[in-house]
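Let me begin by presenting the structure, written as structure tokens, before commenting on it.
In the working numbering, the protein residues as written are 1176 to 1463.
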């Protein structure tokens, strides 16, 4: 994950303060959250709990109704609490956060008598590292909708920035793996070059294998070839445009694409600001 400036972290907090994310298996994997190390602390005691969701303003946890945790926290005059999060870092070390809060609403979990959902309203702004982690994910999800069709043309430079070690990849068409060359990527699809005939490839279901570094991972995305085109001078090679199935697009993939698009946009804004400053200085010198 790229290191964010305080200005970017501030934008995450202001823009996504009330955006709630549910801790699905995919989200916990992407965040490297250790669910076994989540605790709710109160009056010198701590109890394990299930983290159900969070925003930058509040969280929802699940605890049993039969234990001492529920007896303490469900009181009308329940004392202040701290919610403890635990994440793995890339080097394998643990990163923990304690966020102060108070108990809000309490409800049963899926009409169960044994489990309850407790709302923890944060009474302090979460730490910047927490805002960065959660905001990074929310931002990727938001841009996956807003910038779904923005295409990244794959060059040696863009591959390096994306963390893609090589343009060659594997695409499985009707469960038959074939070699291909990646030409562009977006949140919603890809273009690849491969041997074949257009009429036999269009509308076929595919599984595209994508390899990323930092961290190293293999992402497999299901989709369909929605159109094909010719490659000039090569009648045996087809340019195939793939539309990904939305349910197969992982958060990890969205973050890779979002990181690149965000960095490009930042570079464009920085270049534009420098150009405007240079023009202003030039005009100032001319006026003297």
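By construction, the Cβ of each residue, glycine as well, lies at the ideal position given by its N, Cα and C atoms.
Beyond the five residues adjoining it in sequence on each side, residue 1357 comes within less than 7 angstroms, by CB distance, of 1329, 1342, 1344, 1365, 1367 in the same chain, given in chain order. With at least 16 other beta carbons inside 10 angstroms of its own, residue 1363 counts as buried.
In chain order, 1368, 1412, 1413, 1414 place their CB closer than 8 angstroms to the CB of residue 1406, counting only its own chain and leaving out the 5 sequence neighbours on each side. Within its own chain, the residues whose Cβ lies closer than 6 angstroms to the Cβ of residue 1347, once the five positions on either side in sequence are excluded, are 1382, listed in chain order. Here DSSP, grouped into helix, strand and coil, assigns residue 1430 to helix. In this structure the region 1226-1238 lies against the region 1293-1300, because at least three pairs of beta carbons, one per stretch, are closer than 8 angstroms. Three or more beta-carbon pairs drawn from the region 1307-1315 and the region 1425-1435 are found closer than 8 angstroms, and the two stretches are therefore classed as touching. Between the alpha carbons of residue 1251 and residue 1238 lies a distance of about 17 angstroms. When the Cα atoms are used, residue 1247 and residue 1253 turn out to be separated by approximately 7 angstroms. Counting only residues of its own chain and dropping the five nearest sequence neighbours on each side, residue 1282 has a CB closer than 6 angstroms to the CB of 1292.
Around the Cβ of residue 1311, a 10 Å sphere holds 16 or more other Cβ atoms; the residue is buried. The criterion of a C-beta distance shorter than 8 angstroms is not satisfied by residue 1400 and residue 1384. The three-state reading of DSSP puts residue 1256 in strand, counting E and B together. Sorting 1198, 1265, 1393, 1278 by C-alpha distance to the C-alpha of residue 1215 places 1278 at the top. Taking every protein chain shown into account, the CB of residue 1351 has fewer than 16 other CB atoms within 10 angstroms, so this residue is exposed.
In the three-state reduction of the DSSP assignment, residue 1359 falls in the strand class.
Rounded to the nearest whole angstrom, the C-alpha separation of residue 1271 and residue 1372 is 54 angstroms. Residue 1262 and residue 1404 have their alpha carbons spaced roughly 45 angstroms apart.
Around the CB of residue 1210, fewer than 16 other CB atoms lie within 10 Å, so the residue is classed as exposed. A direct Cα-Cα distance of roughly 37 angstroms separates residue 1424 from residue 1240.
Counting the other Cβ atoms within 10 Å of the Cβ of residue 1301 gives 16 or more, which makes it buried. Secondary structure at residue 1287: coil, using DSSP grouped into helix, strand and coil.
With respect to the 8 angstroms criterion, residue 1255 and residue 1227 are not classified as neighbours on the basis of their beta carbons.
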